[in-house]
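S.K.: First, the structure itself, so that you have it in front of you.
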Amino acid sequence: EAVLEARLAAAPEPPLSPVSPPGSGSGPRPCREAGEDSRSSTPQPSTPQLRELDGYAELVERLKDEVSRGRSAREASCQSLNALRSSYRILLQRAGGGSAAVPVAGKLAVPGGG
């Protein structure tokens, strides 16, 4: 996640464009006349703007994929760590009490050791 934040911080800010996101209109739109063309009342973005929006959409998708892979890797690491902990506990149980190392606050303490 820190890598993604660094990438986003390093990415240039998108230039402000006259295209506003859906639902951000200034209020309810009046009804059109029966013969009125909807394209004439709605300004269409220019081709460079469309390319820019497509570029940002691709960037968002790539970042989503990267976050998903990162989460999967983290979950796999957690599962492996839990399996190792479980194996370690079993090993300690089999080794018996007298000379086995015992975990103490994240460190190993050997009974009778200095």
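Just so you know, my numbering puts 20 at position 26 of the sequence shown, and the rest follows in order with no gaps. Beta carbons are placed, not taken as given, at the ideal position from N, Cα and C, and that holds for glycine.
1) Can you tell me whether Gln43 is helix, strand or coil according to DSSP?
2) Examine the ligand ZN and report whether any of its heavy atoms sits within less than 7 Å of the Cβ of Ser40.
3) State the DSSP-derived secondary structure class of Gly90, mapped to helix, strand or coil.
4) Just the C-alpha distance for Tyr82 and Pro42, rounded to the nearest angstrom, thanks.
5) With H, G and I counted as helix, E and B as strand and the rest as coil, what does DSSP make of Gln38?
M.R.: Per the coordinate set shown:
1) The sequence position of residue 43 within the sequence shown is 49, counting from 1. Looking at Gln43 - three-state DSSP - the assignment turns out to be helix.
2) Within the structure as shown, the ligand ZN is missing, as the structure has no ligands at all.
3) By 1-based counting over the sequence shown, the position of residue 90 is 96. Three-state result, Gly90: coil.
4) By one-based count along the sequence shown, residue 82 stands at place 88. By one-based count along the sequence shown, residue 42 stands at place 48. Those two C-alpha atoms are separated by around 59 Å.
5) By 1-based counting over the sequence shown, the position of residue 38 is 44. Three-state DSSP puts Gln38 in coil, outside helix and strand.
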